[in-house]
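Worksheet: the structure to be examined is printed underneath.
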Amino acid sequence: MHGKLLPLAGLYLVQGLPYGLQSSLLPILLRARGLSLTRVGLTKGLYAPWLLKLAWAPLVDRRGTPRVWLTLSTLSLGLVCGLLAVLPPPQAGQTGLPTTVMGLLLLLNLGAAVQDVALDTLAVQLLEPKELGPGNTVQVVAYKLGSALAGGGLLVLFPALSWPLLFLLLAATYWLAAALAWVAPALGRLPWPQASEHTLHSSYLLQDLLAVPGTLWTAGFVLTYKLGEQGAGSLFPLLLLDHGASASDLGLWSGLGAVTCSIAGSSLGGALLARHWQPLKLLKTVLQLRLGGLACQTALLFHLNTPGASVDPGTVMRGAALLSLCLQQFLGGVVTTATFTVMMHCSQLAPRALQATHYSFLATLELLGKLLPGTLAGVLADSLGPHLCFAVFLVLSALPVLDLLLAPSNLT
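So, in structure tokens, the structure goes:
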């Protein structure tokens, strides 16, 4: 099993780099340069290629091998980073990212989305049912570690690390990962698709996807389970910045510190699953705890608006804010590992020729459920105010708790 998990860990770590770069590093840098919450939130529209994974997932299923797709997409990511290295960084006073930088970041997400389909296909086809818990723990933990390194880690180092050096470092990392994808023995054992596996007609694709047992419920759950958490998680650090927290502090809090807790939560989730905890039962318990944690975070936000409240060093509020961030990330980590295990189990019920497309379908809905609140959180906060906005997030966080009551028996 280690021969499978080690290369998957390295590749999922690299896959998390673009997300950390754009979800943690860029928003804080742009907010520190005076951009509104709405403009900062709308930069997440660069994730659009991730929502189109179903356009090329059937090609990964039926043309070539996942290893070839993985190698080529990872090489292309290195090329895009090399091009970003020769461009100037965003300057103070700009109303947004330069058009050329936005275009290359869009290409970076396109390459990462193709890489994601290929890597998930490898995981679905390589892992045995008893390996799903450890495999999804590796997937989630490595991805989050890559996100933390590219987000909070680079934010801390950014004053000493120039823009060109940053992207040259990322380019070299991608090219090393491409070499790993090509030479790893475990990744070369999957057979080429057979002629009989190419008979799936695109006109029946959605019908075939929904016919897989448990798909309708899983699709609804993954679309809603992160709505409240992601909206609050993307907005809360920016509101702390408005209340006096420094950008470098937030790089540690919402980047390295919070993601470390998220990784710890994902690891605990994997350990519990490896000890034969049922994923849905684990989700029921942790989602209720997450709802309570978000209620505490909302109360903390209300208190920050009272006279004399601040997050200055040495204050109780600073410690409470740190604890709130870490607790939500820890619980979110457990939830993510259990949810991805359910997703992969559901996709393994599909015919082999449909597995990459099926998992990409679920993963696209999962990403949509994270992108929508993250993108619109700033708009909601600017229009409704942060307090009412967080009340909406509380209601959204209650939806997946209720959804578990309708879970089908074949996913338990």
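Residues -16 to -1, 1 to 396 (mature numbering (1 follows the signal peptide of the UniProt record, and there is no 0)) make up the sequence shown, in order.
The beta-carbon is built from N, C-alpha and C at its ideal position, and this holds for glycine as well.
Nothing here was measured: the structure is a model prediction, and the numbers come from that model.
Residue burial is scored here from C-beta neighbours: HIS342 has at least 16 other C-beta atoms within 10 angstroms and is therefore classed as buried. In the structure shown, GLY369 falls within a coil segment according to DSSP collapsed to helix, strand and coil. Counting C-beta atoms within 10 angstroms of its own C-beta, THR282 has 16 or more neighbours from the protein chains shown and is therefore classed as buried. At a cut-off of 4 residues, the continuous stretches assigned as alpha helix (DSSP H) that sit fully inside the region 85 to 140 are 116 to 132. The beta carbons of VAL125 and THR320 sit no closer together than 7 Å. Rounded to the nearest whole angstrom, the C-alpha separation of THR208 and ALA32 is 18 Å. Judged by DSSP in its simplified three-state form, THR55 adopts helix. In summary, GLN191 is exposed, with fewer than 16 beta-carbon neighbours lying within 10 Å of its beta-carbon over all protein chains present. The beta carbons of VAL196 and ALA334 sit closer together than 7 Å.
Residues THR341 of the same chain have their beta carbon placed closer than 6 Å to that of PRO42, with the five preceding and five following residues left out of the count.
The Cβ neighbour count for ARG274, taken over all protein chains shown within 10 Å, is at least 16; the residue is labelled buried.
PRO357 sits away from LEU223, with the two beta carbons spaced by 7 Å or more. Taking the CA atoms as reference points, PRO148 sits about 47 Å from LEU388. The residue among GLY117, THR202, GLY215, LEU59 with its C-alpha nearest the C-alpha of GLY253 is GLY117. Residue burial annotation: VAL70 is exposed, with fewer than 16 other C-beta atoms found within 10 angstroms of its C-beta.
Under the three-state reduction of DSSP output, LYS(-13) falls in the helix class. Residue environment analysis places ALA96 among the buried positions, since at least 16 neighbouring C-beta atoms fall within 10 angstroms of its C-beta. Taking C-beta atoms as the reference points, LEU380 and GLY212 count as a pair closer than 7 Å.
DSSP places LYS210 in the coil class of the three-state scheme, outside both helix and strand. Under the three-pair Cβ rule at 8 Å, the region 158 to 166 counts as touching the region 42 to 60.
Under the three-state reduction of DSSP, TRP40 is assigned to coil, being neither helix nor strand. Assignment of ARG274 by DSSP, reduced to helix, strand and coil, places it in the helix class.
Sequence-distant partners of LEU110 (beyond 5 residues in either direction) whose C-beta falls short of 6 Å from its own C-beta, in its chain, are LYS(-13). About 26 Å separates the beta carbons of LEU309 and TRP261, which is beyond the 8 Å limit, so they are not a contact pair.
In the DSSP annotation of this structure, the continuous segment of the alpha helix (DSSP H) that includes TRP159 starts and ends at 147 to 167. With 16 or more other Cβ atoms from the protein chains shown falling within 10 Å of its own Cβ, GLU350 counts as buried. The beta carbons of SER131 and TYR(-5) sit no closer together than 7 Å. LEU9 and ALA134 do touch by the CB rule: their CB atoms are close to 7 Å apart, below 8 Å. In the structure shown, ARG47 falls within a coil segment according to DSSP collapsed to helix, strand and coil.
A straight line joining the alpha-carbon of PRO11 with that of GLY276 spans about 27 Å. With contacts defined as CB atoms closer than 7 Å, TYR158 and THR84 fail to qualify as a contacting pair. Shown here, GLY254 sits in a helix according to DSSP, grouped into three states. Less than 7 Å divides the Cβ of GLY317 from the Cβ of SER250. Contact annotation: LYS128 and SER246 have beta-carbon atoms nearer than 7 Å.
Note that the C-beta distance between LEU271 and LEU256 is not below 7 Å.
Annotation: LEU378 to ARG46 spans about 42 Å, alpha carbon to alpha carbon.
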